[in-house]
Every structure is written in C-alpha cells, then in structure tokens.
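What the sequence shown shows, in numbering that gives the first Met the number 0, is residues 0 to 175, in sequence order. For each residue, glycine too, the CB sits at the ideal point set by N, CA and C. One structure is given below, encoded as structure tokens.
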Amino acid sequence: MLKHNSKKKSDNRSNLIVLLVVVMLALSLDIVLSTTAIYPYLVYAQVQNITKQGTFNYTQTDTSGNPDWINTGNWSLKKSPSEVIAFDAVISMAKPNGSEEHIHRVGDLTISYAPIKQTNSTIIKGTTTITMENGFFVSEDPTTIKLGERNISVYFDTSKINNHFGNHSITGMVTQ
0 MLKHNSKKKS
10 DNRSNLIVLL
20 VVVMLALSLD
30 IVLSTTAIYP
40 YLVYAQVQNI
50 TKQGTFNYTQ
60 TDTSGNPDWI
70 NTGNWSLKKS
80 PSEVIAFDAV
90 ISMAKPNGSE
100 EHIHRVGDLT
110 ISYAPIKQTN
120 STIIKGTTTI
130 TMENGFFVSE
140 DPTTIKLGER
150 NISVYFDTSK
160 INNHFGNHSI
170 TGMVTQ
C-alpha cells in the first residue's frame, strides 16, 4: 500500500510539473505574440517625426561684391523617417545700415519625389510659398534645400520672385 501511494504522489508531481511547463510555455507564447503584434507601433513611437531647426545669417552682395542685404532668421524642417513633411522659415532682410528692413515667411513645401541623399547632405527639391513685402505672396516657387549635418542652404528660383534674394542660396546653421 505504501508503494502504491508513493507511486501516486510521484505521478501527481510529474503531472504538476508537466502542467507548470505547459502554462509557462503558453504564457511565453502569449508574451511573444503580444510583443510581435505591437512591435511596429513601438518602433513607430520611437522614430516618429524628426524636427531640424536652425538660423539663417547670410549677406547678399551686389554685382561688385559689396554687401547689399543682410538676411537673418529661423527655419525648421519636419520629416518622418521616409518623407519631408514641412519646411517653414522666417527671413528678415535689411540693408547693412539697418534701413529697408522687411520680413519674408516661407512655407507650404510640396515635393514631388523623395529627397536625394548624398554622403554628407540631403537635397530636397520642391516648391514653397513665399510672403513678400506688403503681404504679397508668391506660390509654387521652385525651391532647393540642401541640408547637411551642421548647415543648410536654401535656393529660391529667381524668376518668380524677381531676383529678390539674389542669385545665390541663403545659408545658415543647424542648431537642433
């Protein structure tokens, strides 16, 4: 009789161990499946939109190479991992003596294809809307943005804005 009880206890322990292993495997499988199902959302949450910001500080020169306009301001570029979402800028212009100061706003970036990634920079070609003096604005002005790790240059097509920013890119720094 003692042998029979001992065998029964041993069978119960074996059954209990098997049951515990099955429960642990089921819980592990549940955790793996749950994590796999929400993994894309976790990754997306970690790499959502990226914002780069900076300043402009550029001196336009006349045809003789003399300072003609001082361009200063702030800009921001928002992008997701796969596309540029927005480019906004405020550019203050003034003569070197401080006269004729006025402000331009740039926005409504539309790009028709993915940015071109180079070794140390990204080139973004599209169109923007530029607010000119007295509230007049130019829409769909072809714009080229070259964004490096520490600097930026923005070129506005001169034909639609009457060469207002000269025939050179406005340059600046990336601060964030």
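In this structure, how does DSSP classify residue i when only helix, strand and coil are distinguished?
| i | result |
| --- | --- |
| Ile144 | strand |
| Tyr43 | Confidence in Tyr43 is poor, its pLDDT being 48 and thus under 50, which makes the residue's placement unreliable; the coordinate value appears in the next sentence. Helix, per DSSP. |
| Gly134 | helix |
| Ile16 | helix |
| Ile160 | coil |
| Gly165 | coil |
Check for me: the beta strand (DSSP E) holding residue i runs from which residue to which?
| i | result |
| --- | --- |
| Pro66 | Pro66 to Lys78 |
| Tyr154 | Asn150 to Phe155 |
| Lys94 | No beta strand (DSSP E) holds Lys94; DSSP gives it neither H nor E. |
| Asp107 | His101 to Ile110 |
| Met172 | Ile169 to Val173 |
| Thr60 | Ile49 to Thr60 |
If you check the beta carbons only, do residue i and residue j fall under 9 angstroms apart?
| i | j | result |
| --- | --- | --- |
| Ala88 | Val153 | yes |
| Gln59 | Gly147 | no |
| Ala93 | His103 | no |
| Ile49 | Pro80 | yes |
| Thr128 | Phe136 | yes |
| Val84 | Lys77 | One point to set straight first is that residue 84 is Ile, not Val, in the sequence displayed. Yes, the pair counts as a contact, with Cβ atoms nearer than the cut-off. |
| Gly72 | Gly171 | yes |
| Ile159 | Asp140 | Inspection of the sequence shows that residue 159 is occupied by Lys rather than by Ile. It is a contact, given that the beta carbons lie within the stated cut-off. |
Just grab the DSSP bridge partners of residue i for me.
| i | result |
| --- | --- |
| Ile115 | Ile122 |
| Ile129 | Val105 and Val137 |
Given 8 angstroms as the limit, is there contact between the stretch 106-122 and the stretch 54-65, that is, 3 or more CB pairs closer than that? no
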